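Enquirer:
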Amino acid sequence: MEGEQRPAPYQGLFADGHLVLYTLCSVLLPVFITFWCSLQRSRRQLHRRDIFRKSKHGWRDTDLFSHPTYCCVCAQHILQGAFCDCCGLRVDEGCLKKADKRFHCKEIMLKNDSRALDAMHHHWIRGNVPLCSYCVVCKQQCGSQPKLCDYRCIWCQKTVHDECMKSSLRNEKCDFGEFRNLIIPPSYLTCINQMRKDKKTDYAMLASKLGKQWTPLIVLANSRSGTNMGEGLLGEFRILLNPVQVFDVTKTPPIKALQLCTLLPFHSARVLVCGGDGTVGWVLDAVDEMKIKGQEKYIPQVAVLPLGTGNDLSNTLGWGTGYAGEIPVAQVLRNVMEADGIKLDRWKVQVTNKGYYNLRKPKLMDVYLQQDEGGKIISILIHDVATW
Ligand SMILES: [Zn+2]
Ligand SMILES: [Zn+2]
Ligand SMILES: [Zn+2]
Ligand SMILES: [Zn+2]
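This is the structure:
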């Protein structure tokens with residue numbers, strides 16, 4: 001009988017070599033692919049961040065758009081990408097650079113200072129108009145088709161069908177829509193800038209052209225309040241108003257933001273504080289500081305949109321205990337426009353323990369006193385000085 005043929009030693013070695021190579025490949029290849037993909041992703045992210053940083057738009061990333069959304073460049077349906085929280089443009093990752101170059105954002109101040117206050121045209125952007133909006137021409141519903149269609153003016157929020165858009169509408173002057181009495185028009189800031197250069201300070205003359213009802217609103221929101229709800233609100237207010245009048249107090253402290261009041265006519269400005277009692281106290285401190293600086297004539301009326309929990313002050317003033325998106329932001333602005341002013345006195349009180357062993361630290365309290373027009377006290381609120 002013939003004996004079994006043994007594999008030559010080099011053949012076994014060769015097989016072992018294959019095995020090692022195969023094992024190495026099966027282990028190293030996925031590692032390499034994962035590494036390469038994450039490298040590409042971080043490069044893409046860096047590139048995107050670079051565009052965000054240099055852009056005049058207020059780009060924000062999103063993993064999922066809440067409504068059916070179409071890219072403003074390629075018109076494809078998109079689930080994720082970026083949106084501008086000033087003008088509302090939406091774009092996928094691949095078209096971001098093009099969109100950034102092709103479309104202008106809201107101009108907070110006009111470059112051409114020769115333009116008169118009422119000479120601004122609509123600024124139309126195409127697609128992704130809000131659901132339940134109606135065409136200004138035919139009064140039928142807009143944006144109901146599943147594609148990139150119809151236009152919205154990013155200042156007055158008017159919407160119009162593709163087929164209803166006429167050249168007369170393109171050349172029409174924008175009246176800033178429903179919230180014109182709260183919006184600071186870009187041309188106003190241009191004129192103010194020119195007046196400051198000429199050392200003129202009669203802003204009331206200029207503002208009179210905007211009507212008696214003009215009470216510009218400055219929004220001061222805390223982006224960290226209400227489990228970061230403030231962040232989304234900031235964007236919604238930037239869409240409806242001039243982005244220059246919307247501040248994140250974690251980036252611009254209230255005393256700095258309130259200096260915008262000094263560019264507005266005396267006693268005309270209103271402030272909407274979005275945050276907890278701590279943020280409201282912080283803004284009221286800044287208002288007190290304006291008094292010390294001798295800026296009493298510029299002191300604004302303050303309204304509150306309470307975020308998070310523990311909003312005693314806001315509740316006492318009738319602004320509710322907490323806002324969680326029950327009403328649209330546009331309705332919040334309507335409420336601010338309709339609100340009546342009341343007087344509020346505010347003191348800081350230090351409470352010290354008078355016991356023999358005085359071990360406790362003195363406690364600092366805020367005392368708020370609410371009075372009606374005749375000076376009658378309506379309510380008193382005592383509150384710990386909030387630290388946020
Ligand atoms: Zn695209
Ligand atoms: Zn934009
Ligand atoms: Zn418009
Ligand atoms: Zn129409």
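With UniProt numbering, letter number 268 in the sequence shown gets 268, and the count goes up by one each step, no holes.
All residues carry an ideal CB built from backbone N, CA and C; glycine is no exception.
All of these numbers come straight from a predicted model, not from anything done at the bench.
#1: Return yes when at least one heavy atom of ligand 2 lies under 6 angstroms from the C-beta of H57, else no.
#2: Using only the heavy atoms of ligand 3, determine whether one of them is closer than 6 angstroms to the beta carbon of C87.
#3: DSSP three-state call for V244: helix, strand or coil?
#4: Does ligand 4 have a heavy atom nearer than 6 angstroms to the CB of H77?
#5: Could you spell out the range, first to last residue, of the alpha helix (DSSP H) harbouring I327?
#6: State the start and end residues of the unbroken alpha helix (DSSP H) segment that holds W282.
#7: Check this for me: beta carbons of G322 and N335, under 7 angstroms apart or not?
#8: Are the beta-carbon atoms of L127 and L148 separated by less than 7 angstroms?
#9: Is C149 near ligand 1, with its Cβ less than 6 angstroms from a heavy atom?
#10: Hey, would you say I108 sits closer than 7 angstroms to P243, going by beta carbons?
#11: Does T159 come out as helix, strand or coil in the three-state DSSP assignment?
#12: Any chance the stretch 51–63 sits against the stretch 84–91, with 3 or more Cβ pairs inside 8 angstroms?
#13: Compute the Euclidean distance between the alpha carbons of T201 and N181, then round it to the nearest angstrom.
#14: Using 7 angstroms as the threshold, is the C-beta distance between V287 and I299 below it?
#15: Give a yes or no on whether the C-beta atoms belonging to G325 and P306 are separated by under 7 angstroms.
#16: Run through DSSP, which three-state label would H77 get?
#17: According to DSSP, which residues form a beta bridge with L301?
#18: If we ignore side chains and look at the alpha-carbon of each, how far apart do E231 and S223 end up?
#19: Suppose the cutoff is 6 angstroms on Cβ atoms and the five residues either side in sequence are ignored; what does the same chain contact list for I239 look like?
#20: Ligand 2 and C84: does the residue's C-beta get closer than 6 angstroms to at least one heavy atom of that ligand?
#21: For T159, count neighbouring Cβ atoms within 10 angstroms of its own Cβ and tell me buried if that reaches 16, exposed if not.
#22: Return yes when the Cβ of S225 is within less than 7 angstroms of the Cβ of G276, no when it is not.
#23: My understanding is that L241 touches V219, with C-beta atoms under 8 angstroms, so please give their C-beta distance in whole angstroms.
#24: If you compare alpha carbons, which of A204, C174, Y22 is closest to D261?
#25: Going by beta-carbon coordinates alone, are F176 and I184 separated by less than 7 angstroms?
#26: Within 10 Å of its beta-carbon, does G278 have 16 or more other beta-carbons around it, so buried, or fewer, so exposed?
#27: With ligand 4 as the reference, list in chain order each residue whose Cβ lies under 5 angstroms from any of its heavy atoms.
#28: Please classify M1 as buried or exposed, where buried requires at least 16 neighbouring CB atoms within 10 angstroms.
#29: Would you identify the three-state DSSP class for R238, choosing helix, strand or coil?
#30: In three-state terms, what does DSSP make of T387?
#31: Whole angstroms is fine: what's the gap from S270's alpha carbon to L234's?
#32: Does the beta-carbon of Y151 have 16 or more other beta-carbons within 10 angstroms, so that it is buried, or is it exposed?
#33: Which residues count as close to ligand 1 when the rule is a CB under 5 angstroms from any of its heavy atoms, in chain order?
#34: Please list, in chain order, all residues with a C-beta atom less than 6 angstroms from at least one heavy atom of ligand 3.
Expert: This is what the structure gives:
#1: In the sequence shown, residue 57 corresponds to position 57, counting from 1. Relative to ligand 2, H57 has its C-beta within less than 6 angstroms of a heavy atom.
#2: The residue labelled residue 87 in the question sits at position 87 within the sequence shown. No - ligand 3 has no heavy atom lying nearer than 6 angstroms to the Cβ of C87.
#3: If you number the sequence shown from 1, residue 244 lands on position 244. Helix at V244.
#4: Residue mapping note: residue 77 aligns to position 77 of the sequence shown, counting from 1. H77: no, Cβ never under 6 angstroms from ligand 4.
#5: As a first step, residue 327 is located in the sequence shown; it is residue number 327 there, counting from the start. Neither: I327 is in no alpha helix (DSSP H) and is coded neither H nor E.
#6: The residue you call residue 282 lines up with position 282 of the sequence shown. Judged by DSSP secondary structure, W282 falls within the alpha helix (DSSP H) whose first and last residues are 277–292.
#7: As a position in the sequence shown, residue 322 is number 322, starting the count at 1. As a position in the sequence shown, residue 335 is number 335, starting the count at 1. No, these two residues do not count as a Cβ contact at 7 angstroms.
#8: By 1-based counting over the sequence shown, the position of residue 127 is 127. By 1-based counting over the sequence shown, the position of residue 148 is 148. Here residue 127 turns out to be Gly, not Leu, going by the sequence shown. Yes, Cβ-Cβ distance for G127 and L148 is below 7 angstroms.
#9: Within the sequence shown, the letter at position 149 stands for residue 149. No, the beta carbon of C149 sits no closer than 6 angstroms to any heavy atom of ligand 1.
#10: For the purposes of this step, residue 108 is taken as residue 108 along the sequence shown, with counting starting at 1. For the purposes of this step, residue 243 is taken as residue 243 along the sequence shown, with counting starting at 1. Their beta carbons are under 7 angstroms apart, which means I108 touches P243 by this criterion.
#11: In the sequence shown, the residue the question calls residue 159 occupies position 159. The three-state reading of DSSP puts T159 in strand, counting E and B together.
#12: Touching, per the Cβ criterion.
#13: Residue mapping note: residue 201 aligns to position 201 of the sequence shown, counting from 1. Residue mapping note: residue 181 aligns to position 181 of the sequence shown, counting from 1. Rounded to the nearest angstrom, the two C-alpha atoms are 21 angstroms apart.
#14: Position 287 of the sequence shown, counted from the first residue, corresponds to residue 287. Position 299 of the sequence shown, counted from the first residue, corresponds to residue 299. Their beta carbons are under 7 angstroms apart, which means V287 touches I299 by this criterion.
#15: Numbered from its first residue, the sequence shown carries residue 325 at position 325. Numbered from its first residue, the sequence shown carries residue 306 at position 306. Inclusion of G325 and P306 in the CB contact set at 7 angstroms is not warranted, their separation being larger than that value.
#16: Along the sequence shown, one-based indexing puts residue 77 at 77. H77: strand per DSSP, three-state reduction.
#17: For the purposes of this step, residue 301 is identified with residue 301 of the sequence shown, where counting begins at 1. It is worth fixing the name first, because residue 301 is Gln in this sequence and not Leu. Within the DSSP secondary-structure output, Q301 pairs in a beta bridge with R270.
#18: Residue 231 sits at position 231 when you count from the first residue of the sequence shown. Residue 223 sits at position 223 when you count from the first residue of the sequence shown. Going by C-alpha positions, E231 is about 4 angstroms away from S223.
#19: As a working note, residue 239 is residue 239 in the sequence shown. For I239, the CB contacts under 6 angstroms within the same chain, skipping 5 residues up- and downstream, are G88 in chain order.
#20: Here residue 84 refers to the residue found at position 84 of the sequence shown. Relative to ligand 2, the beta carbon of C84 is positioned inside 6 angstroms of a heavy atom.
#21: Working through the sequence shown from its first residue, we reach residue 159 at position 159. Around the beta-carbon of T159, 16 or more other beta-carbon atoms lie within 10 Å, marking it buried.
#22: By one-based count along the sequence shown, residue 276 stands at place 276. By one-based count along the sequence shown, residue 225 stands at place 225. Going by beta carbons, G276 and S225 fall inside the 7 angstroms limit.
#23: As a position in the sequence shown, residue 241 is number 241, starting the count at 1. As a position in the sequence shown, residue 219 is number 219, starting the count at 1. Cβ atoms of L241 and V219 come within 8 angstroms of each other, at about 7 angstroms.
#24: Position 261 of the sequence shown, counting from 1, holds the residue named residue 261. The amino acid occupying residue 261 in the given sequence is Cys; Asp does not appear at that position. For the residues A204, C174, Y22, the minimum Cα distance to C261 belongs to A204.
#25: If you number the sequence shown from 1, residue 176 lands on position 176. If you number the sequence shown from 1, residue 184 lands on position 184. The answer is no: Cβ separation not under 7 angstroms.
#26: Here residue 278 refers to the residue found at position 278 of the sequence shown. G278 comes out buried.
#27: This selection yields C135, V137, C138, H161, C164.
#28: Numbered from its first residue, the sequence shown carries residue 1 at position 1. Reliability of the predicted coordinates at M1 is poor, the pLDDT of 46 falling under 50, and the value obtained from them is presented with this limitation in mind. Label assigned to M1: exposed.
#29: Working through the sequence shown from its first residue, we reach residue 238 at position 238. In this structure, R238 counts as helix in the three-state DSSP scheme.
#30: Within the sequence shown, the letter at position 387 stands for residue 387. Only weak support exists for where T387 lies, its pLDDT of 45 falling under 50; the coordinates are left without a value.
#31: As a first step, residue 270 is located in the sequence shown; it is residue number 270 there, counting from the start. As a first step, residue 234 is located in the sequence shown; it is residue number 234 there, counting from the start. For clarity, residue 270 is Arg in the given sequence; the question names Ser instead. Roughly 17 angstroms separates the two Cα atoms.
#32: Working through the sequence shown from its first residue, we reach residue 151 at position 151. By the neighbour-count rule (16 or more Cβ atoms within 10 Å), Y151 is buried.
#33: That gives C71, V73, C74, D92, C95.
#34: Listed by position along the chain, the residues with Cβ atoms less than 6 angstroms from a non-hydrogen atom of ligand 3 are H122, C153, W155, C156, K158, C174.
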